[in-house]
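Q:
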Amino acid sequence: MRTSSTFSILFWVYGKRAVNNQTNIYVRITISGQRVNISLKRKIDVSTWDEKNQRAIGKGKNARILNTFLNDVQSKIQRIYEQLKSEGSGLTPQVIKARYLGEDKSDLSFQGLIVYYNDKMQHKLHKNTMGQYKTSQRYMTEFIAEEFKERDIPLAKLDYSFIVGFENFLRSYTPKAGQSKIGNNTAIKHIKRLRRMVTLAYRMEWIDRDPFVNFKMKIDKKERGFLTDFELLSIEDLSSSIERLMVVKDLFVFSCYTGISYVDIVQLTEDNIVIGIDENPWIMAKRIKTGSPFKIPLLPKAAILIDKYKGHYRTCNTSSLLPKLSNQKLNSYLKEIADLCGIKKNLTFHMARHTFATTVTLSNGVPIETVSKLLGHTKLSTTQIYARVVERKVSDDMALLKSKIS
């Protein structure tokens, strides 16, 4: 059906390819001699197709439904043609086809990518990880507003210069009062989250090339803080009349002898205590962060703490194995414990996990592969960070020995 001198829409069927007299219906879009075909995913009996009128013959229910569908297709294509004309976009049959099929890249935006990514990942990522993504996405949105004076941009603008600009934005970002300035490693984490989103867009063919191809990211290597034997013992021996400090001390020591992070400790119940292959009690659970399982033989010092809180008023009304505190209070009280024990390090609860990996296990000859399993790491390379710390300790000890021998 000709709608202008250069633009036409034609419905047709491929009669020679009919199977059991059924064949597919196509629409052909032609502009100035260029044309494309689109399969409409509908079939019709060849004998009921009116080639002249490009519609189904008859007034039965099936014919009416099909003809209404074809009318809608024609109207939609006509609207797309008019939109593209008014936009001044390059008018080709291929462009009209892309927009009709929802493959028009000019319709894809950065905010659309955020919505799509969050929707697809919300059931795969832990809620805390999704929270980190939303923080990064907030920075991305702020950068777009500052750089482009818009809330949203087409994905076509997601190029190498966008990434460089976002990096500079993060490094020069002025935080609100009370917030610390964004450091190198934190900035890299935000950029890595952007990279995962961009990779998804690239694999979906929403962008033509990966803008991260020539972009280099460098993490500043930091040694993981941990307690020495002496420092760990000083915390174990701490005695105080302040009950909250003693509870925090017990939770910290429990983590030092199990390697379990606080977010996983608060989820532990009696059901997680299982008789292992050696006929002794083990702790078996899954990490909240990664979902990977961990199986840890219960060391005596950890077992004593579990027994201590059986029937304790802090746990008797819950199914929890140990008392629960907020992570914020926990780390605040650990600062008090560090002062009482004369420990100059920035004592955080996560340091207990590092202490288990270094002082309790690796330093005592436990193979790194075993430590990796105990920690619930998904990659051995993650555990090797602790091995390097132990090597530094060996080096320091040997240097001390050399000085004494000299």
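In our numbering, the protein residues as written are 120 to 525.
A virtual CB, placed ideally from N, CA and C, is assigned to each residue, including glycine.
All values derive from a computational prediction rather than experimental measurement.
Report yes or no: do three or more beta-carbon pairs, one from the segment 402-410 and one from the segment 343-357, lie closer than 8 Å?
A: Counting Cβ pairs under 8 Å, fewer than three are found: no touch.
Q: When the Cβ atoms of the segment 427-442 are set against those of the segment 366-379, are three or more pairs found closer than 8 Å?
A: Contact between the segment 427-442 and the segment 366-379 is present, because at least three Cβ pairs lie under 8 Å.
Q: Give the range of the beta strand (DSSP E) segment to which I157 is assigned.
A: Residues 153-164.
Q: Assuming S228 and I272 are in contact, meaning their beta carbons sit under 8 Å apart, how far apart are those beta carbons, in whole angstroms?
A: At roughly 7 Å, the Cβ-Cβ gap stays under 8 Å, so S228 and I272 are in contact.
Q: If distances are taken between C-alpha atoms only, which option among K216, Y235, Q141, S514 comes closest to A320?
A: The shortest C-alpha separation from A320 is found at Y235.
Q: According to DSSP, M403 sits in a beta bridge with which residue or residues?
A: Per DSSP, K414.
Q: Could you check which residue in K171, T260, K414, D356 has the C-alpha nearest to that of G395?
A: Checked all of K171, T260, K414, D356; the closest Cα to G395 is K414.
Q: Please give the ranges of any alpha helix (DSSP H) in the segment 325-390, keeping only runs that are unbroken, at least 4 residues long and fully inside the region.
A: List check, alpha helix (DSSP H) in window: 348-355, 362-375, 381-384.
Q: Which value, in whole angstroms, describes the spacing of the CA atoms of G378 and G430?
A: One C-alpha to the other measures close to 24 Å.
Q: What does DSSP give as the partner residues of D169 in its beta bridges?
A: Paired residue(s): R174.
Q: How close, in whole Å, do the beta carbons of I144 and F130 come, if the pair is a contact with beta carbons under 8 Å?
A: That belief holds up - the Cβ atoms of I144 and F130 are roughly 6 Å apart, short of 8 Å.
Q: How close, in whole Å, do the beta carbons of S380 and H469 come, if the pair is a contact with beta carbons under 8 Å?
A: Confirmed, about 7 Å.
Q: I'd like to know whether the C-beta of K276 is nearer than 7 Å to at least one C-beta of chain D.
A: Of the protein chains in the structure, only one exists, and it is not chain D.
Q: What's the C-alpha gap between L417 and W401?
A: Those two C-alpha atoms are separated by around 5 Å.
Q: Might you give, ordered along the chain, the residues of its own chain that have their beta carbon closer than 8 Å to the beta carbon of K464, omitting 5 neighbours on each side?
A: Closer than 8 Å at the Cβ level, and outside the excluded window around K464, lie G344, L346, E350, A457, M470.
Q: Is there contact here, the segment 257-269 with the segment 354-367, by at least three beta-carbon pairs under 8 Å?
A: Flag = no, the segment 257-269 and the segment 354-367 do not touch.
Q: If I326 and L364 are in contact, beta carbons under 8 Å, what's the gap, nearest whole angstrom?
A: Not really, about 54 Å apart at Cβ, beyond 8 Å.
Q: Using a 10 Å radius around the Cβ and a threshold of 16 neighbouring Cβ atoms, would you call M309 buried or exposed?
A: For the sequence presented, residue 309 should be read as His rather than Met. Under this definition H309 is a buried residue.
Q: Could you tell me which uninterrupted beta strand (DSSP E) segments, each at least 3 residues in length, are contained entirely in the segment 255-312, listed from first to last along the chain?
A: Within the segment 255-312, no complete beta strand (DSSP E) run reaches 3 residues.
Q: In this structure, how does DSSP classify L129 when only helix, strand and coil are distinguished?
A: DSSP places L129 in strand when its eight states are reduced to three.
Q: Thinking C-beta only, is V509 closer than 7 Å to L481?
A: Closer than 7 Å, so yes.
Q: Going straight from the alpha carbon of T254 to that of E488, what length do you get?
A: Between T254 and E488, the C-alpha separation is close to 34 Å.
Q: Near Q213, what residues of its chain come up, given a Cβ to Cβ distance below 7 Å and the 5 sequence neighbours on each side ignored?
A: So the qualifying residues of the chain are V155.
Q: Taking the beta carbon of S491 as the centre, do at least 16 other beta carbons fall within 10 Å, making it buried, or is it exposed?
A: Buried.
Q: Measuring CB to CB, does T434 end up less than 7 Å from Y428?
A: Taking 7 Å as the Cβ cut-off, T434 and Y428 qualify as a contacting pair.
Q: Would the beta-carbon of V165 fall within 7 Å of that of N181?
A: For V165 and N181, no; Cβs fall outside 7 Å.
Q: Can you round the beta-carbon distance between F188 and R161 to whole angstroms, since I take them to be within the 8 Å contact cut?
A: Sure, about 7 Å apart at Cβ, within 8 Å.
Q: Taking DSSP as the reference, what is the three-state secondary structure of M120?
A: Confidence at M120 is low in this model, with a pLDDT of 44, below 50, so the placement of that residue should be treated as unreliable; the coordinate-derived value is given next. Of the three classes helix, strand and coil, the one that applies to M120 here is coil, per DSSP.
Q: So, at 8 Å on beta carbons, what are the nonlocal neighbours of A306 in its own chain, with the 5 sequence-adjacent residues on each side left out?
A: The residues are E286, L289, R290.
Q: Which word fits R136, buried or exposed, when buried means at least 16 other C-beta atoms lie within 10 angstroms of its C-beta?
A: Under this definition R136 is an exposed residue.
Q: Look at the alpha carbon of D515 and the alpha carbon of Y505, and state the distance between them as a whole number of angstroms.
A: If you take the alpha carbons of D515 and Y505, they lie about 15 Å apart.
Q: Quick one: grab the DSSP three-state call for Y428.
A: Coil, per DSSP.
Q: Less than 6 Å between C-beta atoms, sequence neighbours within five positions excluded: which residues of the same chain meet that for V393?
A: Answer for V393: W401, M403, listed in chain order.
Q: How many Å lie between T260 and E269 at the Cα?
A: Distance between the alpha carbons of T260 and E269 is about 9 Å.
Q: So what does I150 bridge to, in DSSP terms?
A: Answer by DSSP bridge pairing, in chain order: F126, Q153.
Q: What residues are listed by DSSP as bridge partners for T142?
A: In the DSSP output, where bridge partners are listed per residue, T142 has I163.
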